[in-house]
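Undergrad: Just so we're aligned: 197 in UniProt numbering is position 197 of the sequence shown, and the numbers increase by one with no gaps anywhere.
Below is the structure I would like to discuss, written out as structure tokens.
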Amino acid sequence: MFARKFRANRLTKSQRRGYGLLDFVLRTPESKDPITKNMYGQAMHKTNPGLISQQELAPGFTKNEFHTRRVNLMKPLNEKDVVVVFGADKQYHSPHIFYPFRQDANFYYLTGWAEPNSALVLQKDSNVTGGYKSMLFCLEKDHNREIWEGSRNGIESAVADFGFDEAFPVSNLTVHLRDLVRERNGLKLYAGKNNIPGKIKSQLNFNDFIDVNSKIQKLRLIKSDSEIKMLQKANDISLTGYLELLKAIREGVNEDSLANLFEFTCKKSLGEKSSLTRSGYVPVFAGGDNSLLLHYTLNNCNLNAGDLLLIDAGMEYAYYNSDISRTYPVNKTYTPAQKDLYNAVLHVQESTIDYIAKCRTKKESLTLNNIHSYSSKLLSTNLRDLGFVDVNIDRIYPHHVSHYLGIQLHDTVDVSLNTPIQNNMVFTIEPGLYIPYDDNYPKHFHGMGIRIEDNIVTKEDGIVNLSKSIPKKIEDIERIMNE
């Protein structure tokens, strides 16, 4: 509380002094206060009602949902145990020029706070509502800095809007953590150790802290209904881009032009909400031999007649990702060999999704590693039918069929792929084949790379395919491309 009062007094004095001509120009005419006073470091309902509803704290989520996540994290801990979660820092590609900011996944999951240079401190306390106390350490409102760097939420908003019990300047964090370590008295200290700010790490011994990442990731693994709606929205946005690509793919078009068309179309589809979406990852637009590189991202070649185009592109919607792959013919029609290999992959992809659905219906235990084994065996069988002999499937299908999906593209990476699948888990199903120029494989398949990827939600009695509307059957693809 002292820190907040101190800052308010300092702001008043600073406003009386002024910051010179630029400060004078940027004051609002109604109040003579700095124009940044009523601005925030992220979209809020009061400033962006077209982006965020009155019930939401962040796009898609209420303040209570973030509170519930913190309750679930703190519930199994012992009284007075402390959790520290650090937000992400701004990253710069040259002096003063920063990359677009993306908040740390664990931090955003617990707070909805989308500003850099912040930290969350939680302490288990059974005597208060929710069973914990919360403190946010963040950047203060600073008119002079905000003119140059953009507006900030400030410590007042952290309490009034976001609902934290207390908020302090982030400059106080090191001293606060040092006091926690000194006065721990048997309590356990937990911290997200993968993104500790360098200045803090150099001043504190984080061997005193237990890594909290795995605990948060276990919570993130099971998606709420609100999260699934966000993931569905990301897939629906991506659908608009794929439908436009089907009309634009042809000989001579540059891979990068198609990548830009995809993102532009997706953003345009959201209208006034376009700022909530962006590419979830560097996309793959791999024509011809480029498709043999699993993560080819140069995207700088022109498409050649007769080739396949492997696309791996998906949009993020307000921090929630889609991850989709399709393989389309440059000539708008598959050759017989392309059709055979494509159908072999498609059969495996659809059969694997059906296999998951049947296991869910029968209440049979299943893991992502089980699913991968199923897909590998089925793909080997399909290849033998196409004339492949003594196939080392791991060489031409070198990646896993799946990964978890959510706030991060490869979500909850600390969670084992041998974890039994539960209701409301989200993951990809993405078998692929990449046939090199090697006499061990039938020559008419050389140089073909094919991947087909969808996003799956598990339910109690089956599955939901979030990306099912994006064309992947040959007859649908060829029909749309030739309309």
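All C-beta atoms in this analysis are idealised placements derived from N, C-alpha and C, irrespective of residue type, glycine included.
Note that the structure is a prediction, hence the values are computed from the model and not measured.
Between which residues of its own chain and residue 367 is the CB-CB distance below 7 Å, once the five residues before and five after are set aside?
TA: Numbered from its first residue, the sequence shown carries residue 367 at position 367. If we look at residue 367 and ignore the five residues flanking it on each side, its Cβ neighbours are 417, 418, 419, 420 and 421.
Undergrad: With distances taken from CA atoms, which of 461, 480 and 190 is nearest residue 78?
TA: Locating residue 78 in the sequence shown gives position 78, counting from the first residue. Among 461, 480 and 190, the Cα nearest to that of residue 78 belongs to 190.
Undergrad: Among 124, 44 and 146, which one has its Cα closest to the Cα of residue 165?
TA: Your numbering for residue 165 matches position 165 in the sequence shown. It is 124.
Undergrad: Would you check if the distance between the CB atom of residue 474 and the CB atom of residue 334 is smaller than 8 Å?
TA: Taking the first residue of the sequence shown as position 1, residue 474 is located at position 474. Taking the first residue of the sequence shown as position 1, residue 334 is located at position 334. Contact: yes.
Undergrad: Once DSSP output is grouped into helix, strand and coil, what is the label at residue 330?
TA: Position 330 of the sequence shown holds residue 330. If DSSP states are grouped into helix, strand and coil, residue 330 belongs with coil.
Undergrad: For residue 481, which residues in the same chain have their Cβ closer than 6 Å to its Cβ, ignoring the five residues on either side in sequence?
TA: The residue given as residue 481 occupies position 481 in the sequence shown. The residues are 246 and 332.
Undergrad: Using alpha carbons as the reference points, say which of 111, 171 and 376 lies closest to residue 352.
TA: As a first step, residue 352 must be located in the sequence shown, where it is residue number 352. For residue 352, the nearest C-alpha among the options comes from 376.
Undergrad: Please state whether the Cβ-Cβ distance between residue 292 and residue 340 is less than 8 Å.
TA: Here residue 292 refers to the residue found at position 292 of the sequence shown. Here residue 340 refers to the residue found at position 340 of the sequence shown. Result no, Cβ atoms of residue 292 and residue 340 do not sit closer than 8 Å.
Undergrad: Check whether the segment 208-216 and the segment 125-139 touch, using three or more Cβ-Cβ pairs below 8 Å as the test.
TA: Segments in contact, no.
Undergrad: In three-state terms, what does DSSP make of residue 287?
TA: Residue numbering aside, residue 287 sits at position 287 when the sequence shown is read from its first letter. In the structure shown, residue 287 sits in a strand (DSSP, three-state: E or B).
Undergrad: Return the residue from the list 36, 106 and 89 that minimises the CA-CA distance to residue 98.
TA: Position 98 of the sequence shown, counted from the first residue, corresponds to residue 98. Among 36, 106 and 89, the Cα nearest to that of residue 98 is on 89.
Undergrad: List the whole-angstrom C-beta distance separating residue 310 from residue 284, where the pair is believed to meet the contact cut-off of C-beta under 8 Å.
TA: Looking up residue 310 in the sequence shown gives position 310. Looking up residue 284 in the sequence shown gives position 284. Residue 310 to residue 284, Cβ: 7 Å. Contact.
Undergrad: Write down the C-beta distance between residue 454 and residue 429 rounded to the nearest angstrom, noting that I regard them as a contact closer than 8 Å.
TA: Reading the sequence shown from its first residue, position 454 is the one you call residue 454. Reading the sequence shown from its first residue, position 429 is the one you call residue 429. So it is a contact: roughly 6 Å between Cβ atoms.
Undergrad: Is it right to say residue 298 is buried, meaning 16 or more other beta carbons lie within 10 angstroms of its own, or is it exposed?
TA: Sequence index remark: in the sequence shown, residue 298 carries index 298 (1-based). Looking at its Cβ environment, which holds fewer than 16 other Cβ atoms inside 10 Å, residue 298 is exposed.
Undergrad: State yes or no: is the C-beta of residue 54 within less than 8 Å of the C-beta of residue 67?
TA: Start at 1 with the first residue of the sequence shown, and residue 54 comes out as number 54. Start at 1 with the first residue of the sequence shown, and residue 67 comes out as number 67. Not closer than 8 Å, so no.
Undergrad: What are the residues that DSSP puts in a beta bridge with residue 464?
TA: By 1-based counting over the sequence shown, the position of residue 464 is 464. For residue 464, which the question treats as bridged, DSSP gives the partners 457.
Undergrad: Label residue 372 either buried or exposed according to how many other C-beta atoms from any shown protein chain fall within 10 Å of its C-beta, with 16 as the threshold for buried.
TA: For the purposes of this step, residue 372 is identified with residue 372 of the sequence shown, where counting begins at 1. Buried is the call here.
Undergrad: Mind the definition here: the segment 224-236 touches the segment 440-453 only if three or more C-beta pairs lie below 8 Å; say whether that holds.
TA: Output reads no: the segment 440-453 does not touch the segment 224-236.
Undergrad: When you compare only the Cα positions, how much space is there between residue 300 and residue 312?
TA: For this step, residue 300 is matched to residue 300 along the sequence shown. For this step, residue 312 is matched to residue 312 along the sequence shown. Taking the straight line from one Cα to the other gives about 15 Å.
Undergrad: Determine, using beta carbons only, whether residue 39 and residue 151 come nearer to each other than 8 Å.
TA: To locate residue 39, count along the sequence shown from 1; it is residue 39. To locate residue 151, count along the sequence shown from 1; it is residue 151. Yes; because the gap between Cβ atoms is below 8 Å, this pair is in contact.
Undergrad: Ignoring anything shorter than 4 residues, give me the alpha helix (DSSP H) runs that lie fully in the segment 351-424, in order along the chain.
TA: 368-385 and 393-396, all fully within the segment 351-424.
Undergrad: For the beta strand (DSSP E) containing residue 209, name the first residue and the last one.
TA: Here residue 209 refers to the residue found at position 209 of the sequence shown. Residues 209-211.
Undergrad: By Cβ distance below 6 Å, which residues in the same chain neighbour residue 424 in space, the five residues on each side in sequence not counted?
TA: In the sequence shown, residue 424 corresponds to position 424, counting from 1. Answer for residue 424: 222 and 223, listed in chain order.
Undergrad: Using a Cβ-Cβ cut-off of 8 Å (strictly less than) and excluding sequence neighbours within five positions of residue 52, which residues of its own chain qualify?
TA: Start at 1 with the first residue of the sequence shown, and residue 52 comes out as number 52. The residues are 43, 44, 45, 58 and 59.
Undergrad: CB residue 305 to CB residue 296, shorter than 8 Å?
TA: Counting from one through the sequence shown, the residue named residue 305 turns up at place 305. Counting from one through the sequence shown, the residue named residue 296 turns up at place 296. Contact flag unset, no.
Undergrad: Hey, how far is the Cα of residue 396 from the Cα of residue 344?
TA: Counted from its first residue, the sequence shown places residue 396 at position 396. Counted from its first residue, the sequence shown places residue 344 at position 344. When rounded, the distance between both Cα atoms is 13 Å.
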